[in-house]
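Below is one structure, written out as structure tokens; comments come after it.
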Amino acid sequence: MKTKAAVCFEAGKNLEIETVDLEGPKFGEVLVEIKASGVCHTDEFTRSGGDPEGLFPVIFGHEGAGVVVDVGPGIVSLKKGDHVIPLYTPECRQCKSCLSGKTNLCTSIRATQGQGVMPDGSSRFSIKGRKIHHYMGCSTFSNYTVLPEIALAKIRPDAPFDKVCYIGCGVTTGIGAVINTAKVEPGANVVVFGLGGIGLNVLQGARMVGANMIVGVDLNPAREALGRKFGMTHFVNPKDLGDKDLVAHLVELTDGGADYSFECVGSTKLMRQALECCHRGWGKSVIIGVAGAGQEIATRPFQLVTGRTWMGTAFGGAKGRRDVPKIVDWYMDGKIDIDSLITHTMPVEKINHAFDLMHKGESIRSVVTF
Ligand code: NAD
Ligand code: AHE
Ligand code: ZN
Numbered sequence: 001m002k003t004k005a006a007v008c009f010e011a012g013k014n015l016e017i018e019t020v021d022l023e024g025p026k027f028g029e030v031l032v033e034i035k036a037s038g039v040c041h042t043d044e045f046t047r048s049g050g051d052p053e054g055l056f057p058v059i060f061g062h063e064g065a066g067v068v069v070d071v072g073p074g075i076v077s078l079k080k081g082d083h084v085i086p087l088y089t090p091e092c093r094q095c096k097s098c099l100s101g102k103t104n105l106c107t108s109i110r111a112t113q114g115q116g117v118m119p120d121g122s123s124r125f126s127i128k129g130r131k132i133h134h135y136m137g138c139s140t141f142s143n144y145t146v147l148p149e150i151a152l153a154k155i156r157p158d159a160p161f162d163k164v165c166y167i168g169c170g171v172t173t174g175i176g177a178v179i180n181t182a183k184v185e186p187g188a189n190v191v192v193f194g195l196g197g198i199g200l201n202v203l204q205g206a207r208m209v210g211a212n213m214i215v216g217v218d219l220n221p222a223r224e225a226l227g228r229k230f231g232m233t234h235f236v237n238p239k240d241l242g243d244k245d246l247v248a249h250l251v252e253l254t255d256g257g258a259d260y261s262f263e264c265v266g267s268t269k270l271m272r273q274a275l276e277c278c279h280r281g282w283g284k285s286v287i288i289g290v291a292g293a294g295q296e297i298a299t300r301p302f303q304l305v306t307g308r309t310w311m312g313t314a315f316g317g318a319k320g321r322r323d324v325p326k327i328v329d330w331y332m333d334g335k336i337d338i339d340s341l342i343t344h345t346m347p348v349e350k351i352n353h354a355f356d357l358m359h360k361g362e363s364i365r366s367v368v369t370f
């Protein structure tokens, strides 16, 4: 079949709206009509050329929602008409990682996903016979896409696609990092670096679990008001500190250091600051931000010797098929706010504008619709 899709032909280039050939679902695969997709900073990270796994030409997008329109042979858990959210972290429930009960990082199809192809090693997308890569196993910037059954969470049919698509990455990553990865307890002091599409969800996760101080750090002063709406109790703009050291300021503000900190930018400098602003003896720092090829983190080992823990999270530690439908319920029941974070909604034809808004710091999440 043919599908409309936003294709990126080369690193650093704008996306182009194309009519793409799409092969139907093979064994264990499902054809999904994408109704809406959020634009995450990770799409921009790979578009820019900073991702060591980046492959081109490619159809980006990993924060979508849509409807099953066809199923290949062997599909047992989904049928035509089901509403779904694609999962870049699938949940096969059979691999060593899924069975360990210790991680959400299902390994069953990770290798082919990183090669931009389906589990059988081939792509379903092409233009005039030229292969187009899948992205993060999702490619939600295409009106129709093919995914393995294990990479789809079935959700309730009354949830609006143009809002719950954000649960496909940002919402789940931010809230999950608090609940699943850090396991923040009531009364804890939390510091969040970067108040964008991820950091604001960390704030609302921290508020949900009953954190005490929730400190937000961002260079963009416009992020303060929205941060406060999402539970932030203190805002720190490093630009306003003059000569004062940011880490020293945060340690003082939290009376000895954060119980938990979260890096939601992708800067190795901030990752270090996030670790070092943690409390001696027990502070835990969670890396969420994705740093570019060749970048490495550093700190004095003494920071760890003296009881701080450095950890990271992918998709907020969530097991997608189990947790995503539950988070959709939280949204539908008014327990979490998604609407205030979706600052722009536009047809997919305007997708490059969504990237511009992200660069200018004017959007939190842009959602493109089909
Ligand atoms: P975003 O662009 O919406 O937000 C980034 C925020 O960081 C902005 O508010 C910006 O003003 C702020 N910022 C930039 N430089 C800063 C600095 N030096 N100090 C303080 N604040 C600064 O991006 P996003 O969609 O929220 O994504 C954030 C990061 O998380 C990206 O690196 C993205 O790739 C990554 N991410 C990781 C996962 C995961 O599973 N680990 C999931 C989603 C996104
Ligand atoms: N390919 C990059 C790393 C990109 C990365 O860390 N991706 C996160 C999700 S970001 C979503 O917005 C992730 O899930 N990582 C785990 C995984 O298996 O990819 C690189 O540096 O090579
Ligand atoms: Zn993302």
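One point on numbering: in the UniProt record's numbering, the residue at position 201 of the sequence shown is 201, and numbering is uninterrupted.
Quick reminder that beta carbons are idealized off the backbone N, C-alpha and C, glycines included.
Neighbourhood of residue i by C-beta, 6 Å cutoff - its chain only, sequence neighbours within 5 removed
i: ALA291; result: GLY266, THR268
i: LYS80; result: VAL68
i: MET311; result: VAL286
i: MET98; result: The question names Met, but residue 98 in the sequence shown is Cys. Taken in chain order, the residues that qualify are CYS92, CYS106.
i: GLY361; result: ASN220
i: ARG321; result: GLU91, ALA153
Contact under 9 Å by Cβ, residue i with residue j
i: VAL328; j: ILE198; result: no
i: ALA258; j: GLY283; result: yes
i: PHE370; j: ALA151; result: no
i: CYS264; j: LEU195; result: yes
i: THR181; j: VAL286; result: yes
i: LEU253; j: SER142; result: no
i: ASP218; j: PHE230; result: no
i: ALA222; j: ALA159; result: no
i: ARG365; j: VAL117; result: no
i: PHE193; j: GLN273; result: yes
i: GLY210; j: ALA177; result: no
i: GLY61; j: THR140; result: yes
i: ARG280; j: THR306; result: yes
i: ILE179; j: GLY316; result: yes
i: VAL30; j: ILE75; result: yes
i: HIS134; j: ILE59; result: yes
i: residue 372; j: LEU55; result: Here the chain comprises residues numbered 1 to 370, so residue 372 is not present and cannot be evaluated.
i: LYS335; j: MET208; result: yes
i: PHE355; j: GLU44; result: yes
Residue i, buried or exposed, once every other Cβ within 10 Å from all chains shown has been counted against 16
i: MET232; result: buried
i: GLU16; result: exposed
i: LYS163; result: buried
i: THR42; result: buried
i: MET136; result: buried
i: HIS359; result: exposed
i: ASN14; result: exposed
i: residue 402; result: The first residue shown for the chain is 1 and the last is 370, placing residue 402 beyond what the model contains.
i: ASP339; result: exposed
i: LEU241; result: exposed
i: ALA225; result: exposed
i: SER77; result: exposed
i: ARG130; result: exposed
i: MET271; result: buried
i: PRO73; result: exposed
i: PRO301; result: exposed
i: GLU53; result: exposed
Any chain D beta carbon closer than 9 Å to residue i
i: THR107; result: Going by chain labels, chain D is absent from the structure shown, which holds only one protein chain.
Range covered by the beta strand (DSSP E) that runs through residue i
i: TRP282; result: It is not in any beta strand (DSSP E) - TRP282 carries neither H nor E in the DSSP assignment.
i: SER126; result: 125–127
i: LYS2; result: 2–7
i: TYR144; result: 144–148
i: THR103; result: It is not in any beta strand (DSSP E) - THR103 carries neither H nor E in the DSSP assignment.
i: LYS154; result: 152–155
i: VAL215; result: 214–217
i: THR345; result: 342–347
Same chain, Cβ closer than 8 Å to residue i, five either side skipped, listed in chain order
i: VAL324; result: ILE85, LEU87, ALA153, ILE155, ILE167, GLY168, THR172, ALA318
i: MET332; result: ARG156, ASP158, ALA159
i: LYS350; result: VAL368
i: CYS95; result: CYS106, THR107, SER108
i: ASN352; result: ASN14, LEU15
First through last residue of the alpha helix (DSSP H) which encompasses residue i
i: VAL247; result: 246–253
i: GLU224; result: 223–229
i: ILE175; result: 170–176
i: MET208; result: 199–208
i: ALA111; result: 110–114
i: GLY320; result: 320–332
Proximal residues to residue i (C-beta, below 7 Å), its chain only, five neighbours per side dropped
i: GLU18; result: ALA5, VAL7, ILE127
i: ASN237; result: ASP218, LEU219, PRO221
Is it the case that the segment 26–38 contacts the segment 136–156, given that we only count it when at least three CB pairs across the two stretches are under 8 Å? yes
Counting pairs of beta carbons, one from the segment 87–104 and one from the segment 118–125, are three or more of them closer than 8 Å? no
contact_flag[the segment 230–246, the segment 160–179] where n(CB pairs < 8 Å) is 3 or more: no
Quick one: any contact between the segment 210–218 and the segment 180–192, if contact means 3 or more CB pairs under 8 Å? yes
Touch test, the segment 110–122 against the segment 343–352, Cβ-Cβ under 8 Å, three pairs minimum: no
Could you tell me whether the segment 45–52 touches the segment 2–11, using the rule of 3 or more Cβ pairs below 8 Å? Yes: the two stretches touch, three or more of their Cβ pairs being nearer than 8 Å.
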